[in-house]
Each structure stands twice: as structure tokens, then as C-alpha cells.
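First residue of the sequence shown: 1, per my numbering; consecutive thereafter.
Glycine included, every Cβ here is placed at the ideal spot set by N, Cα and C.
Accompanying notes for the structure given below.
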Amino acid sequence: MTSLVEGAGRTRARRDFGLLWAGQSLSLFGDQFMTLALPLLAVTVLGASPAQAALLPFALFLPFLPLGLPAGAIVDRLPRRTVMLVCDGVQVVAFGAIWVSAATGVLSFPLLFALVLLSGCAVVFFQVAYTSYLPGLFPDPGELHTGNTRLALSESTAKAVGPMAAGPVIGLLGVVGALLANTLSFAASVVTLVLIRHREAPPAVTVRERGWVRRDVAAGLRFALGHPVLEPVLACGTVYVLFLSMVETSLVLYCRNVLGLSPQWIGIVVGAAAAGYPIGNLASSVLIRRLGSPRALVLAATVSVLGIVAMPVLGTHTGLGAIGLVAGSIVHCVGEGAFSPTSMTLRQTQTPPELLGRVSAVQRFQLWGAVALGALLASATTALGGLEVTVWIGALGTVLCLPALLRRGIRTATFTRVRG
Numbered sequence: 001m002t003s004l005v006e007g008a009g010r011t012r013a014r015r016d017f018g019l020l021w022a023g024q025s026l027s028l029f030g031d032q033f034m035t036l037a038l039p040l041l042a043v044t045v046l047g048a049s050p051a052q053a054a055l056l057p058f059a060l061f062l063p064f065l066p067l068g069l070p071a072g073a074i075v076d077r078l079p080r081r082t083v084m085l086v087c088d089g090v091q092v093v094a095f096g097a098i099w100v101s102a103a104t105g106v107l108s109f110p111l112l113f114a115l116v117l118l119s120g121c122a123v124v125f126f127q128v129a130y131t132s133y134l135p136g137l138f139p140d141p142g143e144l145h146t147g148n149t150r151l152a153l154s155e156s157t158a159k160a161v162g163p164m165a166a167g168p169v170i171g172l173l174g175v176v177g178a179l180l181a182n183t184l185s186f187a188a189s190v191v192t193l194v195l196i197r198h199r200e201a202p203p204a205v206t207v208r209e210r211g212w213v214r215r216d217v218a219a220g221l222r223f224a225l226g227h228p229v230l231e232p233v234l235a236c237g238t239v240y241v242l243f244l245s246m247v248e249t250s251l252v253l254y255c256r257n258v259l260g261l262s263p264q265w266i267g268i269v270v271g272a273a274a275a276g277y278p279i280g281n282l283a284s285s286v287l288i289r290r291l292g293s294p295r296a297l298v299l300a301a302t303v304s305v306l307g308i309v310a311m312p313v314l315g316t317h318t319g320l321g322a323i324g325l326v327a328g329s330i331v332h333c334v335g336e337g338a339f340s341p342t343s344m345t346l347r348q349t350q351t352p353p354e355l356l357g358r359v360s361a362v363q364r365f366q367l368w369g370a371v372a373l374g375a376l377l378a379s380a381t382t383a384l385g386g387l388e389v390t391v392w393i394g395a396l397g398t399v400l401c402l403p404a405l406l407r408r409g410i411r412t413a414t415f416t417r418v419r420g
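Here's what the structure looks like:
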């Protein structure tokens with residue numbers, strides 16, 4: 001009887017995960033349209049400069065700085081599925097408004113910046129709830145890593161296919177037509193979340209005394225920054241993302257202004273480069289079994305950095321340079337594709353359930369806050385030195401993530417023979 005109940009529970013969990021997976025896959029695919037559409041919209045329709053266009057990623061990730069840590073404390077006291085539903089609804093409104101105002105000709109750069117900022121606020125709470133929700137579906141670490149790998153695979157596939165599909169769409173319908181795709185993808189995500197049957201156990205009822213947010217945030221920070229394994233991983237990710245965002249923020253306009261590529265070819269360059277992600281995602285489980293999580297993380301980070309540094313080394317103003325840019329980026333994506341699900345599973349299994357939201361918030365605050373700062377650095381560097389200088393500084397700066405990782409528990413685990 002017990003086995004039947006457990007079997008039925010696993011079946012429901014897999015069904016609910018399938019809905020979550022499908023909804024997020026569509027949403028992630030729509031997001032990739034924005035990777036091309038937003039900077040091109042700013043430059044070609046609104047007449048913004050490349051430096052101004054680099055401020056749009058800054059607007060998207062800026063909310064992680066003031067809201068990232070409090071979001072963890074708040075989400076840990078609310079049903080996580082409900083939080084995700086509300087946040088996806090806000091995304092529908094924000095990107096729907098961008099589409100309508102662009103289609104009617106009333107969109108301005110300040111309005112675009114404000115709506116992207118609103119979207120970023122929703123992203124903060126969604127990401128904290130999203131990464132804390134999955135362990136409730138899959139308590140088993142093996143199933144949890146499988147789920148993380150599949151979600152990472154969807155993100156990888158979206159990064160590979162989305163820009164390649166967005167290029168022809170933008171070429172055919174213009175950037176305004178691409179905006180509608182992202183709006184519809186968030187609407188589809190709302191539907192899949194509504195259909196999920198799994199309900200979390202209600203959070204423990206606690207008295208919300210004055211200063212409860214500050215105390216809850218402090219508890220999450222103490223755990224995450226004091227953990228001998230999680231802290232080096234967080235530090236590595238923060239440094240890495242800070243400089244990588246300088247490269248990624250500049251890449252679309254670098255391809256357009258420096259390499260002289262059309263939107264269709266820009267989509268091919270950005271999308272083909274992401275083909276390395278699925279390879280890394282699928283390799284992550286093998287690496288964990290053979291090397292253990294710490295060594296797998298070090299290897300993945302090293303591969304990723306080598307690929308990023310190769311991008312400006314191989315990239316030139318010629319067609320061959322575009323091929324070199326893709327080759328370096330594929331190598332980088334293989335490393336990042338292995339690092340992402342491995343670090344997420346490690347964080348979820350090392351963190352007590354009652355702290356999942358807050359520790360996830362610490363991670364998102366550091367990493368996505370670094371994206372905002374990196375985009376701001378990219379904007380300033382582009383204004384002062386141009387797109388090529390920005391790409392070089394961003395690529396070389398990612399090397400600093402390796403000494404940040406090789407410390408404390410990671411260093412001990414890395415150089416101690418793993419048995420079993």
C-alpha cells in the first residue's frame with residue numbers, strides 16, 4: 001500500500017514538473033527574442049545610442065540590488081507557486097505594454113526603461129520562488145538534479161534556438177513583432193502554473209514582529225556566506241557574471257556595428273554559440289559521478305573562462321572573426337552549462353528547507369546584481385572606449401572567478417581524493 005501511495009506521489013510530481021518545465025521552456029524561448037529585440041528596438045526605432053541600449057539589461061537586473069535579499073525573506077513566508085503566478089502576470093503586463101506602445105508609436109526610451117525595470121522587479125521574486133519550489137517536488141537528490149538538468153537544458157535550448165528564430169522574425173516583422181512573442185510566452189507560463197496540482201506545506205506561522213525582514217535576511221546571509229562550500233561558489237559566480245555581462249551586453253551591437261552583421265546573422269551567431277549549453281548540461285551528471293561536485297565545478301568554470309577569453313582573441317572584423325567568436329562562445333557555454341545545474345543542486349541539497357528562499361535570494365542578489373553592475377560598466381566602457389574595448393575587458397576579467405572559487409571547502413574537496 002505504501003509503495004502504491006509513493007508511486008502515485010511520484011507520478012503527480014512528474015506531471016507537475018512537466019507542466020513547470022513546459023511553461024518555463026516557452027517563457028525562456030520568448031526571453032531570447034528580447035535578447036535581440038530590446039537593443040535593436042532602442043537603437044533602430046527609438047534612436048538610442050549603443051551606450052544607452054546597454055542600460056536596458058541594467059534596468060532588468062537593477063531590482064536585484066534593493067529587492068534581492070528581502071525577496072528571500074518574503075518568499076519563505078508565502079506559497080511559492082502563488083508568487084510565481086503573480087510575477088508571470090506582471091511580466092505579461094510589462095511586455096504587453098511595451099508591445100502596444102511600440103506598435104502605436106508612443107514608446108520612448110524612458111518608458112521602455114521603466115517597463116523593463118518593472119519586469120525586473122517581477123523577475124526578482126519569481127527567480128527566488130522558482131529555485132526554492134523544485135525541492136518540494138523532488139526530495140530525492142538524484143531526481144532533484146535530474147529536474148535541474150532538464151530545466152537548464154530548456155534554458156540552453158532556448159538560448160541556442162531562440163536567437164536563430166528571432167533573427168528571421170525580426171527581419172520579416174520588425175522588432176515590434178518580436179515583442180509579442182515574449183508576451184505570449186509569459187501568458188503560456190501562467191496557464192501551466194495554474195494547472196500544477198502540487199501544494200506546498202503551509203509555512204510555519206510566525207509572529208511578524210518589527211524588523212522580521214532584517215532578521216530573516218541576516219539568517220540567510222550568515223548561512224550562505226559562512227558555508228565552506230557554498231560561499232566560494234557564490235563568490236566565483238559573482239565575479240564571473242560581473243565581467244561576462246559586459247561581454248553579453250555588448251555582443252549584439254558588437255556584431256552589428258563592429259562585424260557589420262545583419263539581424264539574421266546576429267541571431268545565428270548568438271544562437272549557434274549557445275549550442276554548447278546542452279552539451280554541458282548533459283555532461284554535468286557524468287562529471288559529478290566521476291569527479292564529485294567540487295571538482296566538477298572547478299573543471300566547468302575553467303572551461304567556461306577559456307572559451308570567453310578566446311572570443312575576443314579569435315574575433316576580428318572579418319567573416320572568419322564571426323566564426324571564431326562562435327567557436328569561443330560554444331566552449332564557454334559548455335563550461336557554463338555544466339556549472340549551472342551542478343551549483344544549483346549543491347545549493348539546494350546543502351541548505352535546510354526553511355532557508356531555501358533566503359539562500360536562493362543571496363545567490364540571486366549577488367549574481368543578478370552583478371549583471372546590473374556589469375551592464376552599467378559596459379555602458380560606461382562603451383561610451384569611453386567603444387564596443388571592442390568593452391568585450392576585451394569583460395572577457396579577461398572572468399579569469400578572476402577561478403581564484404575566487406579555489407578556496408575553503410572547495411579547495412579541500414578538490415584536492416582530496418573522492419571515493420565511491
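Go ahead and label Pro278 buried or exposed: buried means 16 or more other beta carbons lie within 10 angstroms of its beta carbon, across all protein chains shown.
Position 278 of the sequence shown, counted from the first residue, corresponds to residue 278. Counting Cβ neighbours within 10 Å, Pro278 comes out buried, since at least 16 surround it.
Smallest Cα separation from Leu112: which of Trp99, Ala338, Trp392 and Val191?
Within the sequence shown, numbered from 1, the residue matching residue 112 stands at position 112. Per the Cα distances, Trp99.
When you measure from the CB of Ser329 to every non-hydrogen atom of the ligand GTP, does any distance come out below 6 Å?
Here there are no bound small molecules, and the ligand GTP is not part of this structure.
C-beta contact flag for Gln29 and Gly147 at 7 Å:
Start at 1 with the first residue of the sequence shown, and residue 29 comes out as number 29. Start at 1 with the first residue of the sequence shown, and residue 147 comes out as number 147. Reading the sequence as shown, one finds Phe at residue 29 and not Gln. It is not a contact, given that the beta carbons lie outside the stated cut-off.
Comparing C-alpha positions only, which one of Ser360, Ser154 and Leu38 sits nearest to Ser108?
Here the question's residue 108 lines up with position 108 in the sequence shown. With distances taken between Cα atoms, Ser108 lies closest to Leu38.
Quick one: any contact between the stretch 301-315 and the stretch 238-250, if contact means 3 or more CB pairs under 8 Å?
Taking 8 Å as the limit for Cβ pairs, the verdict is that the stretch 238-250 does touch the stretch 301-315.
Neighbourhood of Ala361 by C-beta distance below 6 Å, restricted to the same chain and skipping five residues each side
Position 361 of the sequence shown, counted from the first residue, corresponds to residue 361. So the list reads Gly68, Leu69, Ala71, Gly72 and Val128, once near-sequence residues are dropped.
Distance between Ser245 and Gly409 (C-alpha atoms, nearest Å):
What you label residue 409 is simply residue 409 of the sequence shown in a count that begins at 1. What you label residue 245 is simply residue 245 of the sequence shown in a count that begins at 1. Near 27 Å, if we compare the C-alpha coordinates of Ser245 and Gly409.
Local Cβ density within 10 Å of Ser329, reported as buried at 16 or more and exposed below that
Start at 1 with the first residue of the sequence shown, and residue 329 comes out as number 329. Looking at its Cβ environment, which holds 16 or more other Cβ atoms inside 10 Å, Ser329 is buried.
Within the stretch 88-153, note down every full beta strand (DSSP E) run reaching 3 residues or more, in order along the chain.
none
So for Arg197, helix, strand or coil by DSSP?
Working through the sequence shown from its first residue, we reach residue 197 at position 197. In the structure shown, Arg197 sits in coil (DSSP, three-state: anything other than H, G, I, E or B).
What do you reckon, are the CB atoms on Leu195 and Leu19 nearer than 7 Å?
Along the sequence shown, read from residue 1 onward, the residue named residue 195 stands at position 195. Along the sequence shown, read from residue 1 onward, the residue named residue 19 stands at position 19. Less than 7 Å divides the Cβ of Leu195 from the Cβ of Leu19.
Write down the C-beta distance between Leu355 and Gly260 rounded to the nearest angstrom, noting that I regard them as a contact closer than 8 Å.
Taking the sequence shown and counting its residues from 1, the one referred to as residue 355 is at position 355. Taking the sequence shown and counting its residues from 1, the one referred to as residue 260 is at position 260. So it is not a contact: roughly 50 Å between Cβ atoms.
Please state whether DSSP places Ala22 in a helix, a strand or coil.
As a position in the sequence shown, residue 22 is number 22, starting the count at 1. Of the three classes helix, strand and coil, the one that applies to Ala22 here is helix, per DSSP.
From what residue to what residue does the alpha helix (DSSP H) around Arg407 run?
The residue you call residue 407 lines up with position 407 of the sequence shown. Careful: Arg407 lies outside any alpha helix (DSSP H) and carries neither H nor E.
Sub-7 Å separation of Ser250 and Val391 beta-carbons:
Here the question's residue 250 lines up with position 250 in the sequence shown. Here the question's residue 391 lines up with position 391 in the sequence shown. Yes, these two residues count as a Cβ contact at 7 Å.
Among Ser379, Ala383 and Leu346, nearest to Ser132 - alpha-carbon criterion
One-based indexing of the sequence shown puts residue 132 at position 132. Ser132 has its Cα closest to that of Leu346, out of Ser379, Ala383 and Leu346.
Drop a sphere of 10 angstroms on the beta-carbon of Leu384, count the other beta-carbons inside from all chains shown, and report buried for 16 or more, exposed for fewer.
Position 384 of the sequence shown, counted from the first residue, corresponds to residue 384. The residue in question, Leu384, is exposed, as its Cβ has fewer than 16 Cβ neighbours within 10 Å.
Buried versus exposed, by CB contacts within 10 Å (16 or more), Ser27
As a first step, residue 27 is located in the sequence shown; it is residue number 27 there, counting from the start. That one is buried.
How big is the Cα-Cα spacing for Val298 and Leu406?
On the sequence shown, position 298 is the one that residue 298 refers to. On the sequence shown, position 406 is the one that residue 406 refers to. The straight-line gap from Cα to Cα measures roughly 8 Å.
Just the C-alpha distance for Pro403 and Ser49, rounded to the nearest angstrom, thanks.
Walking along the sequence shown from the start, residue 403 turns up at place 403. Walking along the sequence shown from the start, residue 49 turns up at place 49. Their backbone Cα atoms lie some 36 Å apart in a straight line.
Expressed to the nearest angstrom, what Euclidean distance is found between the alpha-carbon atoms of Phe95 and Ser101?
Numbered from its first residue, the sequence shown carries residue 95 at position 95. Numbered from its first residue, the sequence shown carries residue 101 at position 101. Straight-line Cα distance between these residues: approximately 10 Å.
Under a Cβ-count criterion, where at least 16 other Cβ atoms within 10 Å of its own Cβ denotes burial, should Ser189 be classed as buried or exposed?
Counting from 1 along the sequence shown, the entry for residue 189 is found at position 189. When all chains shown are included, Ser189 counts as buried.
Hey, would you say Phe61 sits closer than 7 Å to Trp368, going by beta carbons?
Within the sequence shown, the letter at position 61 stands for residue 61. Within the sequence shown, the letter at position 368 stands for residue 368. The Cβ atoms of Phe61 and Trp368 sit closer than 7 Å to each other.
For Ala370, the nearest candidate out of Met344, Gln350 and Cys401 (CA to CA):
Mapped onto the sequence shown, residue 370 falls at position 370. The residue with the shortest Cα to Cα distance from Ala370 is Cys401.
Close Cβ partners of Ala372 (< 7 Å) along its chain, the five nearest in sequence each way excluded
By 1-based counting over the sequence shown, the position of residue 372 is 372. Taken in chain order, the residues that qualify are Phe58, Phe61, Leu62, Phe64 and Leu65.
Given that a residue counts as buried once 16 or more other Cβ atoms are within 10 Å of its Cβ, and exposed if not, what is Asp88?
The residue you call residue 88 lines up with position 88 of the sequence shown. Per the 10 Å Cβ criterion, buried.
Going by C-alpha distance, which of Pro141, Leu40 and Ile74 is nearest Met177?
Along the sequence shown, one-based indexing puts residue 177 at 177. Sequence check: residue 177 is Gly here, not Met. Of the listed residues, the one whose Cα sits closest to Gly177 is Leu40.
Going by DSSP in three states, Thr302 sits in which element: helix, strand or coil?
Counted from its first residue, the sequence shown places residue 302 at position 302. Helix.
Own chain partners of Phe415 with C-beta closer than 8 Å, once the 5 adjacent residues on each side are dropped
The residue given as residue 415 occupies position 415 in the sequence shown. At Phe415 the pLDDT is 47, less than 50, meaning the model places this residue with poor confidence; the figure from the coordinates comes in the next sentence. So the list is empty, once near-sequence residues are dropped.
Burial state of Val106 (16 or more Cβ within 10 Å):
Translated into the one-based positions of the sequence shown, residue 106 becomes position 106. Counting Cβ neighbours within 10 Å, Val106 comes out exposed, since fewer than 16 surround it.
Does the Cβ of Ala13 have 16 or more other Cβ atoms within 10 Å, making it buried, or fewer, making it exposed?
Mapped onto the sequence shown, residue 13 falls at position 13. Buried, by the Cβ-count rule.
Whole-number beta carbon distance between Val92 and Thr183, since they are thought to touch under 8 Å
Translated into the one-based positions of the sequence shown, residue 183 becomes position 183. Translated into the one-based positions of the sequence shown, residue 92 becomes position 92. That belief holds up - the Cβ atoms of Thr183 and Val92 are roughly 6 Å apart, short of 8 Å.
For Arg14, the three-state DSSP class (helix, strand or coil)
Taking the first residue of the sequence shown as position 1, residue 14 is located at position 14. Residue state, collapsed to three classes: helix.
Report the residue ranges of all beta strand (DSSP E) runs contained in full by the stretch 352-380; include only those spanning at least 3 residues, in chain order.
none
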